[in-house]
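For reference, the structure discussed in these notes is given below.
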Amino acid sequence: MKIKLPPLIHNFVGILRSDVGPEVLPHSSLLLRVSLGLFVLIEFAIKLATHSVVGAAGIGISAAALLILVAALAARLLGHDERLTQTLTALAAAGAVVAFVNFFFRFLLVQGFAFVGEDLPAQELASFLLFPIFLWNVVVYASIYRRAFAVGAVLSFALSLGYLLVLVFWIPYFFK
4 MKIKLPPLIH NFVGILRSDV GPEVLPHSSL LLRVSLGLFV LIEFAIKLAT
54 HSVVGAAGIG ISAAALLILV AALAARLLGH DERLTQTLTA LAAAGAVVAF
104 VNFFFRFLLV QGFAFVGEDL PAQELASFLL FPIFLWNVVV YASIYRRAFA
154 VGAVLSFALS LGYLLVLVFW IPYFFK
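Counting from 4, one number per residue, gives the positions in the sequence shown under this note's numbering.
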């Protein structure tokens with residue numbers, strides 16, 4: 004029996020699978036605010052494990068602000084301002100889902116490694132094993148940029164990888 008998803012969720016799953024672009028999402032400021040809020044909340048919750056409350060809040064807000072800045076700059080420079088709302092909605096919602104999946108599997112791995120032995124570098128091993136989820140995030144963001152702004156693969160991957168490297172390495176460093 005095939006499960007019939009609501010159109011919005013079906014379209015969003017298509018974005019996560021890189022089957023469709025952000026153009027399938029409605030042009031809604033409410034949906035944009037909800038997806039950005041969810042993105043900030045998930046980034047905040049994930050960083051609570053390694054940072055103070057203020058630091059985690061700073062990371063969540065900075066991640067969303069940088070996401071908005073990169074997408075708005077790309078939309079302006081590439082002449083696709085009309086797609087900015089849908090693109091930001093897709094980027095924020097996809098980022099929230101991928102971050103949650105990463106957090107869930109990281110939690111399971113770290114708990115499993117802690118059960119096996121205390122002398123294991125659990126966070127480092129989990130980061131190594133979860134690298135494919137980071138790559139999935141790069142591909143999803145690159146697909147969103149490519150379809151939203153009609154750019155080539157190289158530029159879309161550069162935008163995606165650049166943002167994600169700043170998000171993963173630089174932003175948390177400033178809030179330690």
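Even glycine gets a Cβ: it sits at the ideal position worked out from N, Cα and C.
- With fewer than 16 other Cβ atoms from the protein chains shown falling within 10 Å of its own Cβ, Gln114 counts as exposed.
- Here the alpha carbon of Leu41 sits roughly 16 angstroms from the alpha carbon of Thr88.
- C-alpha of Ala153 to C-alpha of Val142: approximately 15 angstroms in a straight line.
- Pairing Ser38 with Thr90 gives a Cβ-Cβ distance that is not under 8 angstroms.
- Scanning its chain for C-beta atoms nearer than 7 angstroms, with the 5 sequence neighbours on each side dropped, one finds around His30 the residues Thr88, Gln89, in chain order.
- Minimum Cα-Cα distance from Ala77 among the listed residues Phe160, Phe177, Ser55 corresponds to Phe160.
- Under a 10 Å Cβ-count criterion, Arg86 is classified as buried, with 16 or more other Cβ atoms of the shown protein chains found around its own Cβ.
- Within the region 8 to 86, the runs of alpha helix (DSSP H) at least 4 residues long that lie entirely inside it are, in chain order, 10 to 19, 32 to 50, 56 to 81.
- Around the C-beta of Glu46, 16 or more other C-beta atoms lie within 10 Å, and the residue is accordingly described as buried.
- Separation of Gly98 and Ala68 (C-alpha to C-alpha, rounded to the nearest whole angstrom) is 13 angstroms.
- If you draw a straight line from the Cα of Ile71 to the Cα of His54, it is about 23 angstroms long.
- The three-state reading of DSSP puts Gly115 in helix, counting H, G and I together.
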